[in-house]
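Trainee: Below you'll find the structure I mean.
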Amino acid sequence: MIFRTHYSGDITPELDGEEVTLAGFAHETRDLGGIAFLVLRDRKGLAQVTLVKRLVGKEMFRTVRSISRESVVLVRGTVKAETKAPRGFEILPTEVKVLSAAKVPLPLDPTEKVECELDTRLDARFMDIRRPCVLAAFEIESAVLRSLRGYFYIQGITEVFTPKIVAAATEGGTDLFPISYFEKEAFLNQSPQLYKQMLMGAGMDKVFEIGPIFRAEEHDTRRHLNEAISIDVEVSFADDKDVMEILEGAVAEAYRYVAENCRYQLEVLGLELKVPKTPFRKVTYTEALEMASERSEVKMQWGDDLDTETEKFLGEAIGEHYFLTDWPSSIKPYYTLPYEDKPEICRGFDLMHPRMELASGAQRVHDYNQLVARIKEKGLDPEGFEFYLKAFRYGMPPHAGWGLGLSRLVMTMLNLENIRDAVIFPRDRRRLVP
RNA sequence: GUCCGGAUGGUGUAGUGGCCUAUCAUGAAAGCCUGUCGAGCUUUCGACCCGGGUUCGAAUCCCGGUCCGGGCGCCA
Numbered sequence: 020m021i022f023r024t025h026y027s028g029d030i031t032p033e034l035d036g037e038e039v040t041l042a043g044f045a046h047e048t049r050d051l052g053g054i055a056f057l058v059l060r061d062r063k064g065l066a067q068v069t070l071v072k073r074l075v076g077k078e079m080f081r082t083v084r085s086i087s088r089e090s091v092v093l094v095r096g097t098v099k100a101e102t103k104a105p106r107g108f109e110i111l112p113t114e115v116k117v118l119s120a121a122k123v124p125l126p127l128d129p130t131e132k133v134e135c136e137l138d139t140r141l142d143a144r145f146m147d148i149r150r151p152c153v154l155a156a157f158e159i160e161s162a163v164l165r166s167l168r169g170y171f172y173i174q175g176i177t178e179v180f181t182p183k184i185v186a187a188a189t190e191g192g193t194d195l196f197p198i199s200y201f202e203k204e205a206f207l208n209q210s211p212q213l214y215k216q217m218l219m220g221a222g223m224d225k226v227f228e229i230g231p232i233f234r235a236e237e238h239d240t241r242r243h244l245n246e247a248i249s250i251d252v253e254v255s256f257a258d259d260k261d262v263m264e265i266l267e268g269a270v271a272e273a274y275r276y277v278a279e280n281c282r283y284q285l286e287v288l289g290l291e292l293k294v295p296k297t298p299f300r301k302v303t304y305t306e307a308l309e310m311a312s313e314r315s316e317v318k319m320q321w322g323d324d325l326d327t328e329t330e331k332f333l334g335e336a337i338g339e340h341y342f343l344t345d346w347p348s349s350i351k352p353y354y355t356l357p358y359e360d361k362p363e364i365c366r367g368f369d370l371m372h373p374r375m376e377l378a379s380g381a382q383r384v385h386d387y388n389q390l391v392a393r394i395k396e397k398g399l400d401p402e403g404f405e406f407y408l409k410a411f412r413y414g415m416p417p418h419a420g421w422g423l424g425l426s427r428l429v430m431t432m433l434n435l436e437n438i439r440d441a442v443i444f445p446r447d448r449r450r451l452v453p
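Structure representation (structure tokens):
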């Protein structure tokens, strides 16, 4: 059984005279005595239901007047073109049914007359998402995923899933969440990195994965979470330049698709989306340091990772998406390929939005001996990487790839203040519920 | 982790020692109203994060805690 025949947003004055069934939430009711209005909201917009007391009868009039805000209602009726009504039409009901009454008072105000703090919103996320501007962001996120999948499929990239439960914290660096796995200790995976590289050794040639990653870092910022969705790509017989092209193409395609297909959502958010132009500007790490040194206070030495201040400065100076390339080998992971003629720098890159880092990638080390040496150089034990290294002993194509943060892409695209606005149920240092 | 700021009805807020039986908006309850569109009008309801201290007197000052926001750090 399908309850509704139309969404509110699909109704226009041209449907004058048509019988429709709407289903959604009671956004507001306004009772003027002899006439009352019920505004119904669904995910495509609002529709006004008009009840004239002497036409609909006392019983239906009383029912509507008693509906609490945000109750789930079903309305059957006739569309009437009416210039006095919002959007030029109203629904004259033959039946109004409360499918599920909402308790009062509400945990927040979905009509947005009163502001609401992020913490309050997240505690009542189900109701927060009823607010059109919140919903719009998640609908756009879905569109981004759809556009990226389409973009990858067209390029012959295969979608894969790699395990999120892994045996050892062997990648070094970030802290992992330990979990109990029967009689063994296990961890939630921080990145599909090692697995997607192994798939290059498996001859899958081009793969992508969209899935969760987990990091146990105790960071506390507007752009970090402990559970995130990563968009990962790995391509054989490709170098860093090739995969940067795929990456900038993916970002531009996501913007283009959203601009074209999410007009209603963008309007709700009051945004006009500018599709970034490709190719993106490329700035080497060393050039970036020089740019930053034009400011009076520079605390950074060559070889340091860029601090937040420098990142911000570069963002403001450049003002659009750009790549940071040719990083010092010392601050990129062991699987990043150093330049042959200049091993102190490597073929690693970051994709930057003026506000923050969106993605990082590299041409990878594909030579077994070099990889083992790099692991040792980083102070890690190759023994722990045996499951990974094994794939490099029997013929490993040269390959390159990257990982892109979905929420950061959406956050920067929609100019959201906090990454939590781009995640339906965010997980941070303190929040585990809902 | 660290620095700064904050916590007042369901929600968002005003209130820097007595004028607070605490402001305003929104909301809720009851009533009036036939074109509202953040409807209007009348009446009513509902709050000072927790613990200790200072003081004749604390929402307000001090100490401790909890929680929240922002910056930095951390983030292969």
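So the number in this note's numbering is just where the residue sits in the first sequence, counting from 1, plus 19.
Don't be surprised by glycine CBs; every beta carbon is placed ideally from N, CA and C.
Computed from a predicted model, the values in this text were never measured in an experiment.
#1: May I ask you to verify whether the region 272 to 281 touches the region 246 to 259, counting CB pairs closer than 8 Å and requiring at least 3?
#2: Thinking I248 and L167 are a contact (beta carbons under 8 Å), I'd like their distance in whole angstroms, please.
#3: Spatial neighbours of M430 within its chain, please: C-beta separation below 6 Å, excluding the five flanking residues on both sides.
#4: Would you list, in sequence order, the uninterrupted alpha helix (DSSP H) runs of no fewer than 4 residues that lie entirely inside the region 208 to 257?
#5: Going straight from the alpha carbon of P197 to that of A205, what length do you get?
#6: For T327, which of I229, K77, R241, D147 has the nearest alpha-carbon?
#7: Return the chain-ordered list of same chain residues with a C-beta closer than 6 Å to the C-beta of A415, the five sequence neighbours on each side being excluded.
#8: How big is the Cα-Cα spacing for V91 and R81?
#9: Can Q216 and H418 be called in contact, C-beta distance under 8 Å?
#10: Tell me where the beta strand (DSSP E) around E313 begins and ends.
#11: Based on Cα-Cα distance, which residue from S87, A104, L127 lies nearest to K116?
#12: Between which residues of its own chain and K351 is the CB-CB distance below 6 Å, once the five residues before and five after are set aside?
#13: Tell me, which residues are paired with M371 by DSSP?
#14: Considering only their Cβ atoms, is the gap separating T297 from G268 smaller than 8 Å?
#15: Buried or exposed: where does P105 fall if 16 or more other Cβ atoms within 10 Å of its Cβ makes it buried?
#16: Near L266, what residues of its chain come up, given a Cβ to Cβ distance below 8 Å and the 5 sequence neighbours on each side ignored?
#17: Rounded to the nearest angstrom, what separates G334 and A311 at their Cα positions?
#18: Answer with buried or exposed for F233, where buried requires no fewer than 16 other C-beta atoms within 10 angstroms of its C-beta.
#19: Please identify the residue among K301, C281, M375 whose C-alpha is closest to the C-alpha of L292.
#20: Can you tell me the Cα-Cα spacing of A235 and F411, whole angstroms?
#21: Exposed or buried, which one is A155 when buried takes at least 16 other CB atoms within 10 Å?
#22: Quick check on the burial criterion: 16 or more other C-beta atoms within 10 angstroms. Buried or exposed for L433?
#23: For L125, which residues from the same chain have a beta carbon less than 7 Å from its beta carbon, with the 5 sequence-adjacent residues on both sides left out?
#24: Going by alpha carbons, who is nearest to I159 out of W346, N388, L290, E309?
#25: Between V185 and the rest of its own chain, which residues show a CB-CB distance below 7 Å, the 5 nearest in sequence each way excluded?
#26: The beta strand (DSSP E) that contains S199, what's its start and end?
#27: Counting C-beta neighbours from all protein chains within 10 Å, is the total for F22 16 or more, i.e. buried, or is it exposed?
Mentor: Working from what's here:
#1: no
#2: I248 to L167, Cβ: 11 Å. No contact.
#3: I438, A441
#4: 212 to 220
#5: 6 Å
#6: R241
#7: Here residue 415 turns out to be Met, not Ala, going by the sequence shown. Once the five neighbours on either side are set aside, the close Cβ partners of M415 are G220, H385.
#8: 17 Å
#9: yes
#10: Counting along the chain, E313 falls outside any beta strand (DSSP E), and DSSP gives it neither H nor E.
#11: S87
#12: C365, G367
#13: Y341, E376
#14: yes
#15: exposed
#16: V252, L370, A378, G380, W421, L423
#17: 11 Å
#18: buried
#19: C281
#20: 29 Å
#21: buried
#22: buried
#23: R88, E89, M146
#24: L290
#25: A205, F206, N208
#26: 197 to 200
#27: exposed
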